[in-house]
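Single-structure report; data block below.
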Amino acid sequence: GAGVSQSPSNKVTEKGKDVELRCDPISGHTALYWYRQSLGQGLEFLIYFQGNSAPDKSGLPSDRFSAERTGGSVSTLTIQRTQQEDSAVYLCASSLAIGGADTDTQYFGPGTRLTVL
Amino acid sequence: GNSVTQMEGPVTLSEEAFLTINCTYTATGYPSLFWYVQYPGEGLQLLLKATKADDKGSNKGFEATYRKETTSFHLEKGSVQVSDSAVYFCALVSSGTYKYIFGTGTRLKVLA
Chain A
13 GAGVSQSPSN KVTEKGKDVE LRCDPISGHT ALYWYRQSLG QGLEFLIYFQ
63 GNSAPDKSGL PSDRFSAERT GGSVSTLTIQ RTQQEDSAVY LCASSLAIGG
113 ADTDTQYFGP GTRLTVL
Chain B
24 GNSVTQMEGP VTLSEEAFLT INCTYTATGY PSLFWYVQYP GEGLQLLLKA
74 TKADDKGSNK GFEATYRKET TSFHLEKGSV QVSDSAVYFC ALVSSGTYKY
124 IFGTGTRLKV LA
């Protein structure tokens, strides 16, 4: 079956521009997560969705970052007025649900590599 | 707060050597523990997991045992192959929560 997909796979933008990153989770997965992976760093948790709700947005690095999810499926991560330090790989993951041991496993997309010039 | 500490890489081994990548954690309650692998140019994939103390996760010849007494989840493989070259991430999630905590990753390079 289809896995988690992300688009675009690569995005090069100029400093100050806005970008939108898209994530299509596995069908039926209610939980969706966004992470950022910077060069030489581990995964930095950004935000998660349970259905269309994002109960905790405290992982977002600044108010230039926002995310939404519609229809309990597709999610978009928007970065406004991009800065060079936003350059990273943005990863999306989904899981069946949150809380049960058998449902904790996350399935990751291939990521979007964002480069801000 | 919860945290995961992995040994720093890169780890360079010859083919058929024994592999250990150390992972220790700090967490409240009883977290689930995971190893994810990222092959060159690919996304993260779940390698194995364990959800309670003394559980052993295994897959593709890799094993890790959930040791609550030492708060560890070390990854081992008896005989590595060139195709095992990748970055390995240890991670945890506390039951009933959403926040996955990942280690910084350990790069493994296996030479023929």
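Listed in order, the protein sequences are those of chains A and B. Take 13 as the starting number for the first sequence in this note's numbering and just add one per residue. Take 24 as the starting number for the second sequence in this note's numbering and just add one per residue. In this text, a Cβ means the ideal position worked out from N, Cα and C, and glycines have one as well.
Quick check: does the Cβ of residue i come within less than 7 Å of any heavy atom belonging to the ligand ATP?
i, result
"residue 44 of chain B", "Among the components of this structure there are no ligands whatsoever, and the ligand ATP is therefore not found."
Pick helix, strand or coil for residue i, following the three-state DSSP scheme.
i, result
"residue 36 of chain A", "strand"
"residue 108 of chain B", "coil"
"residue 99 of chain B", "strand"
"residue 80 of chain A", "strand"
"residue 92 of chain A", "coil"
"residue 65 of chain B", "coil"
"residue 17 of chain A", "strand"
"residue 31 of chain B", "coil"
"residue 118 of chain A", "coil"
"residue 124 of chain A", "strand"
"residue 37 of chain B", "strand"
Can you confirm whether residue i, when its beta carbon is compared against all beta carbons of chain B, has any partner nearer than 8 Å?
i, result
"residue 63 of chain A", "no"
"residue 118 of chain A", "yes"
"residue 40 of chain A", "no"
"residue 37 of chain A", "no"
"residue 20 of chain A", "no"
"residue 121 of chain A", "yes"
Name the chain B residues whose beta carbon is nearer than 7 Å to that of residue i?
i, result
"residue 60 of chain A", "121"
"residue 57 of chain A", "122 and 123"
If we cut at 8 Å on Cβ distances, does residue i have a partner in chain A?
i, result
"residue 69 of chain B", "yes"
"residue 72 of chain B", "yes"
"residue 43 of chain B", "no"
What residues from chain A crowd round residue i, counting only those whose CB sits closer than 8 Å?
i, result
"residue 96 of chain B", "Those within 8 Å of residue 96 of chain B in chain A number zero; the least Cβ separation is about 14 Å."
Could you compute how far the alpha carbon of residue i sits from the alpha carbon of residue j?
i, j, result
"residue 31 of chain B", "residue 43 of chain B", "12 Å"
"residue 71 of chain B", "residue 52 of chain B", "21 Å"
"residue 25 of chain A", "residue 127 of chain A", "6 Å"
"residue 96 of chain A", "residue 122 of chain B", "27 Å"
"residue 89 of chain A", "residue 38 of chain A", "17 Å"
"residue 91 of chain A", "residue 122 of chain A", "19 Å"
"residue 55 of chain B", "residue 20 of chain A", "32 Å"
"residue 27 of chain B", "residue 96 of chain B", "10 Å"
"residue 99 of chain B", "residue 70 of chain A", "35 Å"
"residue 131 of chain A", "residue 47 of chain B", "Only positions 13 to 129 of chain A appear in this structure, which leaves residue 131 of chain A out of reach."
So residue i contacts chain B; which residues on that side make the cut at Cβ distance below 9 Å?
i, result
"residue 103 of chain A", "66 and 67"
So with CB distances below 8 Å, who are the chain B contacts of residue i?
i, result
"residue 54 of chain A", "112, 125, 126, 127 and 128"
DSSP puts residue i in a beta bridge; with which residues?
i, result
"residue 43 of chain B", "B:99"
"residue 49 of chain A", "A:55 and A:101"
"residue 60 of chain A", "A:45"
"residue 117 of chain B", "B:54"
"residue 72 of chain B", "B:57"
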